[in-house]
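For reference, the structure is listed below as structure tokens.
Protein chains: 2
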Amino acid sequence: MTKTHQVTFESADTPVQVPTGTTVIEAANLANVDIHQPCGGQGRCGRCVVQIKEGKVRQRSTLRLTSADIQDGYTLACQSVIEEDITIFVPPQEKVERRLVTDLTARKVSVPEGYQSELHQTIKRIPLKIDPPSMEDQTDDWSRLQREIKLVADIQGIQISLPLLQRIGSILRDGDWEVTAILDVPKEENTLPRLIDLFPIHFPKDKPLWGCAIDIGTTTVSVWLTNLITGQVHAQAAEYNQQISHGEDVISRIIFDSKENNEGVLQRLVTDTINQLINTACLRTKAKPEEIYKAVVVGNSIMLHLLMNIPAANIRLSPFINTFTHIPTLKAAELKLDLHPEASVEIIPSVASYVGADITAGALSSGIAETEKITFFMDVGTNGEMVLGSRDWMVTCACSAGPAFEGAGVVNGMRATKGAIEEVWINTKTYEPNIRVIGGGKPRGLCGSGLISLLAELFLAGVVDKSGNIDTTLDTPRVRTGIHEDEYVVAFADETEHGKDIVITHVDIDNLLRAKAAIFAGFVVLAEGVGVPLEAVEQVLIGGSFGQYINVEKAIQIGLLPDLPWENFHFLGNTAVMGAYNALLSWEAKQHITEIAKKMTYFELSADNAFYDAFMSALFLPHTDLTLFPSVAQQKAQV
Amino acid sequence: MTKTHQVTFESADTPVQVPTGTTVIEAANLANVDIHQPCGGQGRCGRCVVQIKEGKVRQRSTLRLTSADIQDGYTLACQSVIEEDITIFVPPQEKVERRLVTDLTARKVSVPEGYQSELHQTIKRIPLKIDPPSMEDQTDDWSRLQREIKLVADIQGIQISLPLLQRIGSILRDGDWEVTAILDVPKEENTLPRLIDLFPIHFPKDKPLWGCAIDIGTTTVSVWLTNLITGQVHAQAAEYNQQISHGEDVISRIIFDSKENNEGVLQRLVTDTINQLINTACLRTKAKPEEIYKAVVVGNSIMLHLLMNIPAANIRLSPFINTFTHIPTLKAAELKLDLHPEASVEIIPSVASYVGADITAGALSSGIAETEKITFFMDVGTNGEMVLGSRDWMVTCACSAGPAFEGAGVVNGMRATKGAIEEVWINTKTYEPNIRVIGGGKPRGLCGSGLISLLAELFLAGVVDKSGNIDTTLDTPRVRTGIHEDEYVVAFADETEHGKDIVITHVDIDNLLRAKAAIFAGFVVLAEGVGVPLEAVEQVLIGGSFGQYINVEKAIQIGLLPDLPWENFHFLGNTAVMGAYNALLSWEAKQHITEIAKKMTYFELSADNAFYDAFMSALFLPHTDLTLFPSVAQQKAQV
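The listed protein sequences correspond, in order, to chains A and B.
Remember, this note's numbering sits 397 above the position in the first sequence when you count from 1.
Remember, this note's numbering sits 397 above the position in the second sequence when you count from 1.
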């Protein structure tokens, strides 16, 4: 007679009785305790980790568990065989994920420590009570206003626009000489304070003073609506860059933009995108677009050129020259941005043609410019831009990775929103996938992290070989030759929201390979360029909205990230917009970014044979040189 | 038998023989020697002055001759009786006029001594030969351009507009990196250098670099087109301010401007006027409007407010407050001026509501701010604005004189152009007028100097009494009661160009009286205000386009100017535009004007009882208090 054992789950009401040889996961099902097992009980994903509080289990596999984990009683529920009475603690799913994927979720935005709008903010809202004119003091309105501002706030040399000058006489009198001035008082060299607006009232002190940080990604545009007084972000909004309709990568955009009759089209599309986001963000708060007095904009050089309708053609052709890297503050009206027309629009400086403001801003917000550790910082957007260095030195390059990891250029690609498959596990015997969909429910497509995860699984399960070819000889309905090419079906029509198959095709895989190879080649070239071996890198900081959901293990398995210990990787979310946000709040932060831009040494890859070689070698799963990826070689052997 | 005498005119071929008792003027007629006698031989105008080189004549009257004149043999041809052989020199007419009316003609514009565009001019045209970008030097276009300008001209912190930034990439390449930069490099506080344009060529060194000085008078607008390299004025153009259609004086303009639906109308009219003048001036040279890179604008406060479409309503009402007196440089496009769209438009600072940039600029160009002499400086435009002082102190006021002396508000008034009656002499017995018409030919109307001269003559001849009433009892067809009121006919229909009578009416005279009373009251109030007796004034400097043709004697006779020796009066022409021209050429001159504006003490007359009293006393010909006008009393007695 088979022995039975009592299994107590701390979170469940009643213990269950199970025969010897039952797995913990089977016991959990019996006890109605929910334990995720994305890999379907193959013992590969490590997500079903539980902690044995009393008793012991027999562990068939301890893959993914450190010796400390084992010491602490952690075990994989699908690989643990029950042979005595036990008490089990099931950690919350989020905790498990965080153990496995460092900083998986976007960093919550916290106001920079010590932020004081009086000290750091250039936008000032100053209530004034002005002595009215009289026959004894006939000082003109504008001088009188300036005199009072100097007296109250010690600001002088104030500039004023003609449209505002046309209105100040009536504003001063409408307010009976009690007015509120909105000023921008920049601290940079060669800039002057400027009156943005004047109101015939005094505002409550706690009324927010709005500004926004804008990140123009080639694929995604983000806007953070921020109260400049408290520093708090009140609303975040992001959406596809509408320019996508005219090309998914920067090169296609430049080509489109350079064609006759297309002048201004891309500018209009990106300002439309930004304006919609501003309006969306405003709807989520009580702000009005015309109450936003400052915007800080980041983006790659091409995005910034197109925003300003500056031809970017010379960036595309050797020797790859920007029209600008640093420019003075613009006004919202000049860019047709839906802010206060006199709002200051500060464009964060770039380093070079393909290393834009997104990277300089990210270098600030990521902390690479402050650390002593040898650090890789990368912004995995459409352009793979990366920096190697520390607070003492920085080298940077850009490898045109393309938008594949943003879900673009892939048949069933999509952004990481509800309905996107963000994680895939494939049974190595049946080739059946197990998927996780953002927001639950039926899937609509594959987002970047889903694609990486899918590609890694296809490789590990042997569906795809190291060159990315699909093995059509496998005995599974999932692998088939589609209309044009081989494909793997991730979800059949009856499992999807839209009733159509979700597949990954051979061409999709090729695109992904090229994208990951470009990025990895960037790592190699930067490291070799300064003589730092890849394994000497102490941390890898990953920015970019895509990085929010990336799975390090999977990214290493496909050879996108270097094979370093997981704990060396840190996902920071959208470092570009975060840097813009820092600069929005503090002139010191902006100054720091300017210094960073000056400090970075740019490696031009497009004419670099070393890059070409590194790229060609990286066009395989995970790489031609498997010694660069020892952990992957080992995993592949284990499957 | 009557004796005959030989009369030799130095300028004539043959002497003439005349009987004893012949006048020199009769002898001149006989000899076909042309001697002007505007007063018709009454011995009043002094224009027929000649010099007796040999022999002597009997002088019936020596009116207008100084004892030095008499010593030198000068005599009045109409009053000199020939009683022996004589030789006579007839001075050129211009010389005579200059003797009588100091500096009668407009001062010829001469380039300020020592002008060096490199030192004084803020507009720079800098040819550049730039190292093209390469893979070794990927510096962006804008930084590269700035780097070269710094190297060549030591100018940094240059601002650039977005429209220009959009173009520099292609300009640099079109010019194969040999380009010409046009910069404005102001020296004022709180200003930054600015790139105005960039051209893909090098220009010949002697190609003019255009700028213009603009004077916006209430009645007349003047533009001087100037080569900023040499400083030479290449073309002058002046025309009525088209705003006149909506009111002749500043008050009517303000009222019109304040009405609903009229917003922007006056701005459009004055910019239309300026733009036409710019185009006229350009047609006279080889300049194109878009090649003009700088304009300096003067005008009274109201004109400047209207130019910028800034409501001027508060200037009209107590306590008479300008919206601005000093403002930063604008761009031509902001004001819709027909210059290079990025051209700098500098508005010269004003002192107060009714003492505008025309006066501060005039104070510079007139020299009052440099002299040690106690000086009256006045700008006789539509607003009578005046300054009393010297280089150590200055007080200023404005007395709304109205446009009567500019030919506006008077039935047959006109500007001082061809066809305008500029001088009138009336026979004290027949009341017949003798007129001088600008350009010769038949008259079309009366300009300012003609009106002054006419009014003085009407008074001296007794056609008009000291209150300005026309004596209709006189036995002459020239005096009559017109459709509505009494009038004096200066020229009958058959003598005029347009075939209509040219008259001066009672209302015209009233208008002229009010205008001259306002100006004279200004003199009185300023002088009394600082305790300087009128007779202590050492010189009177008169600016304003109208002042170009004014006749001091006549102006004193009607009580417009104080009764000081003629040689103390100096007519300087349009001092406002001259000041603008100085500021256009030299940043030091502009700085000097700014200092002058700060230094001036403003007397607000509108609430000043002393002014009202002085005005009322001055509403007579020449004045209630005849002791203020001893020379006029004497002349009146002689007639």
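Glycine included, C-beta positions come from ideal geometry on N, C-alpha and C.
Note that the coordinates shown come from a computational prediction; the quantities given were computed from them, not determined experimentally.
Asked	Found
Contacts around residue 1007 of chain A, its chain only, beta-carbon distance under 6 angstroms, and the 5 residues preceding and following it disregarded	922
Residue 794 of chain B - containing beta strand (DSSP E), residue span	791-796
Closer than 7 angstroms at the beta carbon, the chain B residues around residue 1004 of chain A	532
Span separating the alpha-carbon of residue 979 of chain A from that of residue 622 of chain A	13 angstroms
Environment of residue 1037 of chain B [buried if 16+ CB atoms lie within 10 Å]	The structure shown has nothing for residue 1037 of chain B, since chain B only spans 398 to 1036.
Backbone CA spacing between residue 546 of chain A and residue 536 of chain A [nearest angstrom]	14 angstroms
Beta-carbon neighbours of residue 554 of chain B, restricted to chain A and to distances below 8 angstroms	586, 587
Bridge-paired residues (DSSP) for residue 440 of chain B	BP columns for residue 440 of chain B are empty, so no partner.
Interface residues of the segment 778-799 of chain A facing chain B [CB-CB below 9 angstroms]	none
Selected residue, minimal CA-CA separation from residue 612 of chain A, among A:670, A:551, A:625	A:670
Short CB-CB distance (under 8 angstroms) between residue 722 of chain B and chain A	yes
Chain A within 8 angstroms of residue 566 of chain B, Cβ atoms only	yes
Segment contact, 8 angstroms Cβ cut-off, at least three pairs: the segment 895-905 of chain A with the segment 775-787 of chain A	no
Within chain A, the residues that residue 1044 of chain B reaches when beta carbons sit closer than 9 angstroms	What is shown of chain B runs 398 to 1036, which leaves residue 1044 of chain B out entirely.
Range of the contiguous alpha helix (DSSP H) that encloses residue 972 of chain B	972-982
Beta-carbon neighbours of residue 559 of chain A, restricted to chain B and to distances below 7 angstroms	705, 727, 731
Nonlocal neighbours in the same chain, by C-beta distance under 6 angstroms from residue 589 of chain A, ignoring five residues either side	554, 556
8 angstroms Cβ cutoff met for residue 892 of chain B and residue 838 of chain B	no
Three CB pairs or more closer than 8 angstroms across the segment 722-741 of chain B and the segment 665-680 of chain B	yes
Interface residues of the segment 738-768 of chain B facing chain A [CB-CB below 9 angstroms]	747, 749, 750
Proximity of residue 609 of chain B and residue 520 of chain B at Cβ, strictly below 8 angstroms	no
Per-residue DSSP class, three states only, for residue 856 of chain A	helix
Backbone CA spacing between residue 1037 of chain B and residue 449 of chain B [nearest angstrom]	Here chain B covers residues 398 to 1036 and nothing more, so residue 1037 of chain B does not appear.
Within-8 angstroms CB hit, residue 925 of chain A to chain E	Of the protein chains in this structure, namely A and B, none is chain E.
Given residue 529 of chain A as reference, the closest of A:551, A:516, A:567, A:507 once Cα atoms are compared	A:567
Whole-Å CB distance - residue 607 of chain A paired with residue 684 of chain A, under 8 angstroms assumed	5 angstroms
Interfacial residues, the segment 456-481 of chain B to chain A, with Cβ spacing under 7 angstroms	none
Contact set between residue 988 of chain B and chain A, taken where Cβ atoms lie within less than 8 angstroms	Those within 8 angstroms of residue 988 of chain B in chain A number zero; the least Cβ separation is about 16 angstroms.
Cβ of residue 864 of chain B within 8 angstroms of any chain A Cβ	no
Helix, strand or coil at residue 733 of chain B according to DSSP, with G and I counted as helix	coil
Rounded separation between residue 539 of chain B and residue 738 of chain B - CA only	20 angstroms
Counterpart residues of residue 936 of chain B in DSSP-defined beta bridges	B:772
Cβ-based neighbour list, residue 769 of chain B, same chain, cut-off 7 angstroms, excluding 5 preceding and 5 following	787, 788
Chain-ordered neighbours of residue 1001 of chain A on chain B, where CB pairs are closer than 9 angstroms	532, 535
Residues near residue 518 of chain B in its chain [Cβ-Cβ closer than 6 angstroms; skip 5 each side]	625
CB of residue 695 of chain B within 8 angstroms of CB of residue 632 of chain B, strictly	no
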